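Trainee: Would you mind keeping the following structure in view while I ask a few things?
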Amino acid sequence: MSRLAIRHVSCRYGPVVALEEITLDVPSGQCLVLLGPSGCGKSTLLRCIAGLEQPSSGAIELDGRPLAGVPPAERDVAMVFQDYALYPHLTVAENLGFGAKARGTPPAELAERVAACARRLQLEPLLERRPAELSGGQRQRVAVGRALARRPKLFLFDEPLSNLDARLRSALRAELRALLRELAVTSVYVTHDQVEAMTLGDRISVLRAGRLEQAGTPAEIYGEPATRFVASFLGTPPMNLLDGRIENSQFEASGAALVLAAPGRPAGPASVGVRAEHLRLAAEGPLRGRVVLVERLGHEALVHVELAARPGRAGERAVWIARAPADCAAVEGEAAALAVDDGAWKFFVGRSDE
Amino acid sequence: MSSFLRMIAALLLLGPFAVAAWLAVTAPDGAITSVNIQKALQQGGLLRALATSAAVAAAVALLQVTALAPVAWWLARSPGRMAAGLRIALWAAILLPMEAAFVPLFEITAKLGLYNSLFGVVLPQAAAAFQVFFLESAFRAVPRSLLEAAHLDGLGEAEIFRQIAVPLARPALASAAVLGFLGAYGSFLWPLVVLRDADLHTVPVALAQLTGQFSADLRALAAGALLAVIPSTILYLLAQSSVRAGIGQGAVKG
């Protein structure tokens, strides 16, 4: 069992800031997911933890031991790469045992570990094959197994499922989740896939442009997004948002006819948002508009409503999405009103691009 | 059209070979004979020369691959100024034909006491700058994530070279060895300059001895040339199977 601490880590390449003042903790046995769009710095942070990149400043500690200056080989961390990074000239069995062997594990124990790993990951029939003879899912299982057989203090996953097709991804995601829970290994998992983040993470840290936007449990990140970015990044569909201004404790949207009371909030640019599941099609509601699209998904329907524009601002167009029962009566082209559940409004202070 | 061009290319390549083969096995009156081959073997001491050439070429190839591969690996892994400097020096060495450096090379070889020795033939030919670049590009093709995985698995730079880079670059190393062998096997001028004793002569030098100042026994020469291609042909056929492509498949996402 081991814990990871990241303290004020920044990483700059000339004028480019890849990471800025990141502070995070991963308690022993937990899985931290680093979530964010491409180029947000999540992989850079993972590589800093692995020792493949050096932070410009800040400290990373594993079990209280500072890792600065410790070469990757001596950090006792294992990494699963997006592109698998299996040794093509070695068999599956040799790949599984490679890291443990390089660290001088006695042959008898090595064989035992490889066998256990193969059993756990259902790789036993494949042990004598080479990576080129495996499917994508099998390769990724070998890559995970190679990390497992090492028994490191810390597991790092760099978008391990993103090269797989959707069906395989969800199967492997479930497998990985079971594995992480069962072994209770401390791990850091990088992904841009919010479903992976929600299902695998004990905690999620959302990164954007090298900065930490929000850290919390999956439920906190989804239910109480701290910023407009987190709100728009998480959720399928993402949170419905309207930009506007707060003046005199009153929010006025710029793109739709909506005025909301915003007691105690500072004046200035702001946004409001509501998750799709907190919107209901109703006869009356604060939001009026026209149904432009009904996506019937079988178990539910997603109703896209174009909100009526603010008088005199006809150019702007906001479409909100409401979750509705599969058999809802919404018809494309007809007028509709949206009611909002109590307490579902989220306010985000600041300009929309901040 | 393309098959027509290919036929012409094949004729151009095989034509001289066919003529030599015909000359080698016929007497002036057109009768089939083995006299020319016997003459080449006896007069030119060709058997010994064949063995010498094969040994020299094998030594050059082996030295090139074993000594230059670590240099190429270092170049592929080092972005620094020293690597840039070495690269410039290597390019200069490629631009300068070996013949242009014969005088200083000869002096160095003589000072090392290697004049009239096979080592004297091997050493300068083993220092082939081109091979460094050839191998460097092969090492650069090894996926970065594999090297990083090996680092994290606990391997040092030397072990990564030995356990990961060399096995993955094996097709390129084999190609480099074949190229080095063929180059050294066919080289004429440097062995002619360095070797004095006839019993040390390599094949091209021995063949040259078959021609007199004013006359040449073309049929014996053709027979000698025909015999000379046997070792390199065998090597090529053997190497073909070891120069396998695709060993890198499956390492990273396909």
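Chains A and B are the protein sequences, given in the same order.
This note's numbering applies: residue 275 is where the first sequence begins, and numbers increase by one.
This note's numbering applies: residue 2 is where the second sequence begins, and numbers increase by one.
No residue lacks a Cβ here, since even glycine has one placed at the ideal position from N, Cα and C.
Keep in mind it's a predicted model, so treat the numbers as computed, not measured.
Looking at chain B, which residues of the stretch 353-365 of chain A have a Cβ within less than 7 Å of any of its Cβ atoms?
Mentor: Flagged, chain order: M353, F355, D357, Y358, A359, L360, Y361, P362, H363.
Trainee: Taking only beta carbons into account, state which residues of the stretch 305-334 of chain A come closer than 7 Å to chain B, listed in chain order.
Mentor: Under the 7 Å Cβ criterion, the stretch 305-334 of chain A contributes A324, L326.
Trainee: Would A/A372 count as contacting chain B if we go by Cβ distances under 8 Å?
Mentor: It should be noted that the sequence gives Phe, not Ala, for residue 372 of chain A. Cβ-Cβ to chain B under 8 Å: yes for A/F372.
Trainee: Which same chain residues, not among the five before or five after A/R281, have their C-beta less than 8 Å away from its C-beta?
Mentor: For A/R281, where only same-chain residues beyond five positions count, the Cβ hits under 8 Å are T297, G332, A333, I334, E335.
Trainee: Is the beta carbon of A/R447 sitting closer than 8 Å to the one on A/L474?
Mentor: Taking 8 Å as the Cβ cut-off, A/R447 and A/L474 qualify as a contacting pair.
Trainee: State yes or no: is the beta carbon of B/S146 nearer than 8 Å to at least one beta carbon in chain A?
Mentor: For B/S146, the answer is yes, since a Cβ of chain A falls inside 8 Å of its Cβ.
Trainee: Would you list, in sequence order, the uninterrupted alpha helix (DSSP H) runs of no fewer than 4 residues that lie entirely inside the stretch 396-482 of chain A?
Mentor: Taking only runs of at least 4 residues, the alpha helix (DSSP H) segments lying wholly in the stretch 396-482 of chain A are 410-424, 440-457, 468-474.
Trainee: Just verifying my parser: in three-state terms, what is the DSSP assignment at B/A199?
Mentor: The answer is helix: DSSP assigns B/A199 an H, G or I state.
Trainee: Give me the chain B residues within the contact set of A/A342, using Cβ-Cβ distance strictly less than 7 Å, ordered along the chain.
Mentor: Under the 7 Å cutoff, chain B gives no residues; its nearest Cβ is about 17 Å from A/A342.
Trainee: Let me make sure I understand the geometry here. Which of A/L341, A/G313, A/G559, A/L435 has the alpha-carbon closest to that of A/R415?
Mentor: The shortest C-alpha separation from A/R415 is found at A/L435.
Trainee: Kindly confirm or deny that the stretch 140-154 of chain B and the stretch 360-378 of chain A touch, where touching means at least three C-beta pairs closer than 8 Å.
Mentor: Contact holds: three or more Cβ-Cβ distances are below 8 Å.
Trainee: Given this structure, state the Cα-to-Cα distance separating A/R393 from A/E368, to the nearest angstrom.
Mentor: Approximately 15 Å, taken between the alpha carbons.
Trainee: Just mark B/T53 as buried or exposed, buried being the case when its beta carbon has 16 or more other beta carbons within 10 Å.
Mentor: By the 10 Å Cβ count, B/T53 comes out buried.
Trainee: Give the straight-line distance between the Cα atoms of A/D601 and A/V504, rounded to the nearest whole angstrom.
Mentor: So the two alpha carbons sit approximately 31 Å from each other.
Trainee: Start and end of the beta strand (DSSP E) containing A/V290?
Mentor: Where A/V290 is concerned, the enclosing beta strand (DSSP E) stretches over 290-300.
Trainee: In three-state terms, what does DSSP make of B/A130?
Mentor: In the structure shown, B/A130 sits in a helix (DSSP, three-state: H, G or I).
Trainee: Any C-beta of chain A sitting closer than 8 Å to the C-beta of B/K150?
Mentor: In the sequence as displayed, the identity of residue 150 of chain B is Ala instead of Lys. Yes, because at least one Cβ of chain A sits closer than 8 Å to the Cβ of B/A150.
Trainee: Determine which residues of the stretch 154-169 of chain B have a Cβ less than 9 Å from any Cβ of chain A, and write them out in chain order.
Mentor: Listed by position, the residues of the stretch 154-169 of chain B near chain A (Cβ gap below 9 Å) are D154, G155, L156, G157, E160, Q164, I165, P168, L169.
Trainee: Quick one: using the 10 Å Cβ neighbour count with 16 as the cut-off for buried, is B/Y186 buried or exposed?
Mentor: Buried: at least 16 other Cβ atoms inside 10 Å.
Trainee: Which runs of the beta strand (DSSP E) at least 3 residues long sit entirely within the stretch 583-617 of chain A? Give them in chain order.
Mentor: For the stretch 583-617 of chain A, whole beta strand (DSSP E) runs of length 3 or above, ordered along the chain, are 593-599, 609-614.
Trainee: Locate the beta strand (DSSP E) running through A/M353, then write down its first and last residues.
Mentor: First-last of the beta strand (DSSP E) with A/M353: 351-354.
Trainee: If you follow the alpha helix (DSSP H) that B/R163 is in, where does it begin and where does it stop?
Mentor: From DSSP, B/R163 is part of no alpha helix (DSSP H); its letter is neither H nor E.
Trainee: Taking any Cβ of chain B, which residues in the stretch 376-402 of chain A have a Cβ under 7 Å from it, in chain order?
Mentor: Listed by position, the residues of the stretch 376-402 of chain A near chain B (Cβ gap below 7 Å) are A376, R377.
Trainee: Counting only beta-carbon atoms, is A/V351 nearer than 8 Å to chain B?
Mentor: It does: the Cβ of A/V351 has a partner Cβ on chain B nearer than 8 Å.
Trainee: Between the stretch 513-531 of chain A and the stretch 540-547 of chain A, do three or more beta carbon pairs fall short of 8 Å?
Mentor: Yes, they touch.
Trainee: A/A347 touches chain B at which residues, Cβ-Cβ below 8 Å?
Mentor: Chain B residues near A/A347: H152, L153, D154, G155, L156, G157.
Trainee: Flag this pair as touching only if the stretch 492-501 of chain A and the stretch 316-333 of chain A have three or more C-beta atom pairs under 8 Å; answer yes or no.
Mentor: The stretch 492-501 of chain A, when compared against the stretch 316-333 of chain A, does not touch it at the 8 Å Cβ threshold.
Trainee: My guess is that A/V469 and A/H552 are in contact by the Cβ rule of under 8 Å, so how many angstroms apart are they, rounded?
Mentor: Between A/H552 and A/V469 the Cβ distance is about 20 Å, and since that is not below 8 Å, they are no contact.
Trainee: So, at 7 Å on beta carbons, what are the nonlocal neighbours of B/A177 in its own chain, with the 5 sequence-adjacent residues on each side left out?
Mentor: Once the five neighbours on either side are set aside, the close Cβ partners of B/A177 are Q65, V66, Q132, F135, L136.
Trainee: Tell me the start and end of each unbroken alpha helix (DSSP H) in the stretch 313-394 of chain A that is at least 4 residues and wholly inside, in chain order.
Mentor: With a minimum length of 4 residues, the continuous alpha helix (DSSP H) runs that stay inside the stretch 313-394 of chain A are 316-324, 366-376, 381-394.
Trainee: Buried or exposed: where does A/P329 fall if 16 or more other Cβ atoms within 10 Å of its Cβ makes it buried?
Mentor: So A/P329 counts as buried.
Trainee: Closest by CA to A/G373, which one among B/L124, B/A11, B/G81, B/A150?
Mentor: Ranking the options by Cα distance to A/G373, first place goes to B/A150.
Trainee: Taking the C-alpha atoms as reference points, what is the distance between B/A175 and B/L211?
Mentor: Cα to Cα, B/A175 sits roughly 34 Å from B/L211.
Trainee: Using a Cβ-Cβ cutoff of less than 6 Å, which residues in the same chain neighbour A/G315 once the five nearest sequence positions on both sides are dropped?
Mentor: Contacts found: A292, L293, L481, G484.
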